[in-house]
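Undergrad: Chains as they are written, first to last, in our numbering: chain A, 44 to 397; chain B, 9 to 444.
#1: In three-state terms, what does DSSP make of residue 415 of chain B?
#2: For the beta strand (DSSP E) holding residue 159 of chain A, just list the boundary residues, first then last.
#3: Count the other C-beta atoms from every protein chain shown that fall within 10 angstroms of the C-beta of residue 251 of chain B, then say buried if there are 16 or more, exposed otherwise.
#4: Applying a beta-carbon distance threshold of less than 8 Å, which residues of chain B neighbour residue 182 of chain A?
#5: Give, in chain order, every unbroken run of the beta strand (DSSP E) that is at least 3 residues long and sits entirely within the segment 224–253 of chain B.
#6: By the three-class DSSP mapping on this structure, what secondary structure does residue 113 of chain B have?
#7: Confirm, please, whether the CB-CB distance from residue 275 of chain B to residue 152 of chain B is below 8 Å.
#8: Taking the alpha-carbon positions, what's the residue 322 of chain A to residue 314 of chain A distance?
#9: Can you check the segment 273–320 of chain B for any beta strand (DSSP E) of at least 3 residues that lies completely inside it and give the ranges in chain order?
#10: List, in order along the chain, the chain D residues whose C-beta lies closer than 7 Å to that of residue 286 of chain A?
#11: In whole angstroms, give me the CA-to-CA distance for residue 144 of chain A and residue 267 of chain A.
#12: At 7 Å on the CB atoms, spell out the chain B contacts of residue 226 of chain A, in chain order.
#13: Using DSSP's beta-bridge definition, name the partner residues of residue 207 of chain B.
#14: Would you kindly report the start and end of the unbroken beta strand (DSSP E) that includes residue 206 of chain A?
#15: So is residue 329 of chain A buried or exposed if we call it buried at 16+ other beta carbons inside 10 Å?
#16: I believe residue 385 of chain A touches residue 332 of chain A by the beta-carbon criterion, under 8 Å. Please report the beta-carbon distance rounded to the nearest angstrom.
#17: Measuring straight from C-alpha to C-alpha, what distance separates residue 100 of chain B and residue 222 of chain A?
#18: Beta carbon of residue 232 of chain B: closer than 7 Å to some heavy atom of the ligand MG?
#19: In whole angstroms, give me the CA-to-CA distance for residue 201 of chain A and residue 160 of chain A.
#20: DSSP state of residue 77 of chain B, grouped into three classes?
#21: In terms of alpha-carbon separation, which member of B:387, B:362 and B:203 lies closest to residue 399 of chain B?
#22: State the Cα-Cα distance for the pair residue 390 of chain B and residue 64 of chain A, rounded to the nearest angstrom.
#23: Leaving out five residues before and five after residue 62 of chain A in sequence, what residues of the same chain have Cβ atoms less than 7 Å from its Cβ?
#24: Residues of chain A with CB under 8 Å from residue 303 of chain B, in chain order?
#25: For residue 49 of chain B, I'd like the list of residues in its chain whose CB is within less than 6 Å of its CB, leaving aside the five on either flank, ordered along the chain.
#26: Contact check, residue 294 of chain A vs residue 108 of chain A under 8 Å by CB: the rounded distance?
#27: Could you give the residue range of the alpha helix (DSSP H) that holds residue 313 of chain A?
#28: How many angstroms separate the CA atom of residue 230 of chain A from the CA atom of residue 82 of chain A?
#29: Apart from the five residues just before and just after residue 50 of chain A, which ones in its own chain have a Cβ nearer than 8 Å to its Cβ?
#30: Assuming contact is defined by CB atoms lying nearer than 8 Å, are residue 96 of chain A and residue 119 of chain A in contact in what I supplied?
#31: Is the beta carbon of residue 101 of chain A sitting closer than 8 Å to the one on residue 147 of chain A?
#32: What is the rounded straight-line gap between the Cα of residue 311 of chain B and the Cα of residue 378 of chain A?
#33: Would you kindly work out how many angstroms separate the C-alpha atoms of residue 179 of chain B and residue 201 of chain B, rounded to a whole number?
#34: Using the Cα positions of residue 199 of chain A and residue 360 of chain B, report the straight-line distance between them to the nearest angstrom.
#35: So what does DSSP say about residue 60 of chain A, is it helix, strand or coil?
#36: Just curious, the beta strand (DSSP E) that residue 100 of chain A is in, first and last residue?
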């Protein structure tokens with residue numbers, strides 16, 4: 044049988060079938076379309092300005108490893124004029140983060156980018172292992188997600204960057220749309236397909252891989268022989284998101300375009316005006332100064348619960364009432380350090396490449 | 009009204025999994041008539057024997073349904089078939105005007121180019137046209153979606169023709185949640201509100217309907233059972249001894265998005281009991297983003313325009329459209345790969361007239377394939393008559409406008425892009441170039 048010819052260049056031999064389009068194409072065309080689609084996403088959304096300092100949220104996993112590679116490639120190819128950094132968060136999960144942090148350190152060498160690692164322990168005084176021992180395995184993702192989000196912003200502020208980019212891909216965003224509908228989280232649903240978010244008191248955050256399929260990211264890493272660590276969080280199987288992920292994979296099997304179709308749906312609707320009027324306006328936390336919908340931000344609320352021995356006070360009404368019954372917050376309670384937006388000078392020394 | 013039920017899973021155990029039961033509504037109607045003078049409401053019963061024509065080895069359940077409807081006073085039974093969407097006799101009976109049976113689409117091309125159907129195919133029966141339409145769909149999961157659209161449009165056009173003000177559908181809270189997630193999974197986010205509540209404005213009999221007292225001329229689609237869970241419907245039907253006729257399932261089973269969604273939501277409800285109501289409540293808080301450009305010709309729901317641009321930005325499928333390519337070209341490319349070859353002859357395409365969901369149903373492919381026959385521009389697939397009618401009306405309007413303005417009847421101005429190579433550039437500025 045004659046070898047298949049690439050459907051794009053109609054010249055080279057087809058080496059793979061694109062999960063996104065089903066086209067049979069050669070390896071070089073795949074690299075080209077993958078990188079160009081990300082470039083188109085960046086340009087059409089006007090994500091960056093020349094001179095921007097951009098922190099890449101790096102976990103050592105496939106998404107952030109490929110993101111670092113692609114951002115470096117596109118920055119050089121198209122002259123974005125960006126200063127790129129790697130920012131990694133150590134959640135303190137034994138056996139999970141240890142190996143992936145080593146991958147991030149290798150990425151630092153390979154891509155010649157400064158690296159900053161910030162840990163939950165140093166920021167909050169609690170590791171995820173310690174939190175799970177208090178909370179159990181059902182609500183632990185709430186803690187991790189809230190703490191990581193704030194940790195990324197704080198790390199970015201320390202580095203004095205203008206912008207954080209994360210490796211969230213099309214599969215992640217489609218899962219989030221489904222998950223927020225099923226859980227009734229209307230506030231998050233209204234913004235989860237936005238490619239770039241920025242509040243008054245937060246650093247700009249973008250997802251250049253918004254339309255990139257997870258399978259294509261893996262394929263890119265495979266053909267480029269990129270070094271990454273594939274480890275699933277040991278606490279994640281019990282998470283609600285896991286249900287949405289399984290469902291999404293079934294949908295993708297029935298129709299590969301389902302992932303993009305869900306993203307399109309998410310972009311096509313918004314929260315109705317009547318509901319927006321009832322939503323809480325954003326303020327800053329009275330304890331740490333981070334953005335918040337209430338007097339205390341979620342991270343401070345969760346941390347207070349941990350410190351006072353009522354870990355679920357930030358999650359369930361019962362826990363909240365139990366905490367309130369203990370009386371007012373003690374003065375010597377451990378708190379998160381005050382948050383300040385980038386001032387112009389990095390407040391910490393960056394681990395430069397050797 | 010349209011009825012949708014399934015066979016009980018384990019009738020001997022007394023447990024049923026009825027999805028909806030409009031016979032429950034009929035029962036309520038009968039009870040209310042005994043208790044109070046119930047004036048002015050006419051329940052229009054329509055049962056579509058659609059699956060009989062699409063599924064082999066299934067029997068026609070029309071007479072079973074007719075026998076059940078007979079038990080209720082004041083109900084009129086109007087049977088339809090899915091192939092009526094391609095039947096001139098039905099279209100004429102509902103006041104349809106225009107509509108060409110000789111217009112079809114090329115589903116092998118994402119532009120869904122329209123062309124004439126040959127005389128031989130023109131003389132096909134509605135049933136064979138339906139079968140060609142269904143068998144041309146690119147995935148198994150597209151079949152139930154396509155049939156659902158045809159069913160809904162048949163109901164609406166027939167309800168309009170009978171002077172109805174409301175169309176009642178037997179959607180339970182569980183089915184509503186399933187259809188919301190299923191619709192969103194197929195790109196129907198723009199019409200998420202219409203899944204729960206909708207007003208359909210008929211194009212053809214609008215003035216007549218307004219004269220007859222119908223507010224805005226619209227038909228309201230109501231789902232009276234949408235706050236009642238699936239199991240509650242089943243219990244109510246069981247206690248009232250309702251005769252559930254049931255229906256067959258489409259081939260492809262759990263490979264389709266609808267059954268996958270149902271299995272997922274019903275399963276999730278066990279561990280998270282408020283899932284079904286959370287989905288319905290959340291979607292009720294959503295509204296379409298601004299940017300509606302018109303009405304989809306196939307499902308006649310609001311459509312966002314510009315879907316071709318959006319899809320072409322999201323994924324590069326060809327190097328011929330140079331607008332999506334960057335300034336960088338890898339070394340393995342040849343010049344002719346990047347040169348925009350002359351665009352094909354301007355042809356009428358159905359794509360700009362469709363919403364995202366309908367376009368995806370007709371074009372989005374899977375490696376699992378379907379039983380699809382090979383479709384091409386030489387073998388166009390027939391279209392439902394309301395689509396061809398609207399296409400003809402659009403063409404007439406365009407010609408009329410051109411005529412009244414005094415302009416010649418020409419197609420709208422079309423923009424065409426093509427890459428200019430070095431030699432062409434040089435030819436343009438040749439007289440200004442100095443010798444080296």
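Even glycine gets a Cβ: it sits at the ideal position worked out from N, Cα and C. Keep in mind it's a predicted model, so treat the numbers as computed, not measured.
TA: A quick look at the data gives this:
#1: Legend: pLDDT at residue 415 of chain B = 42, less than 50; position of this residue unreliable, no value from coordinates given.
#2: 158–162
#3: In summary, residue 251 of chain B is exposed, with fewer than 16 beta-carbon neighbours lying within 10 Å of its beta-carbon over all protein chains present.
#4: In chain order: nothing, as chain B lies at least about 13 Å away.
#5: Listed in chain order, the complete beta strand (DSSP E) runs (minimum 3 residues) inside the segment 224–253 of chain B are 227–230.
#6: Correct three-state label for residue 113 of chain B: strand.
#7: Not a contact, by the Cβ cut-off of 8 Å.
#8: 10 Å
#9: 294–296, 300–303 and 310–312
#10: As a matter of chain content, chain D is missing from the structure shown, whose protein chains are A and B.
#11: 21 Å
#12: 286
#13: B:228
#14: Start and end: 206–208.
#15: exposed
#16: Not a contact, Cβ separation roughly 14 Å.
#17: Rounded to whole angstroms, residue 100 of chain B to residue 222 of chain A spans 46 Å at the Cα level.
#18: No copy of the ligand MG appears in this structure; indeed no ligand is present at all.
#19: 11 Å
#20: helix
#21: B:362
#22: Distance between the alpha carbons of residue 390 of chain B and residue 64 of chain A is about 26 Å.
#23: If we look at residue 62 of chain A and ignore the five residues flanking it on each side, its Cβ neighbours are 256, 258, 259 and 299.
#24: Against chain A, a Cβ distance below 8 Å from residue 303 of chain B picks out nothing, because the smallest value is about 15 Å.
#25: Confidence at residue 49 of chain B is low in this model, with a pLDDT of 47, below 50, so its placement is unreliable and no value can be given for it.
#26: That belief does not hold up - the Cβ atoms of residue 294 of chain A and residue 108 of chain A are roughly 27 Å apart, past 8 Å.
#27: From DSSP, residue 313 of chain A is part of no alpha helix (DSSP H) but of the beta strand (DSSP E) over 312–314.
#28: 29 Å
#29: 57, 66, 67 and 68
#30: no
#31: yes
#32: 51 Å
#33: 15 Å
#34: 44 Å
#35: strand
#36: For residue 100 of chain A, the enclosing beta strand (DSSP E) covers residues 96–100.
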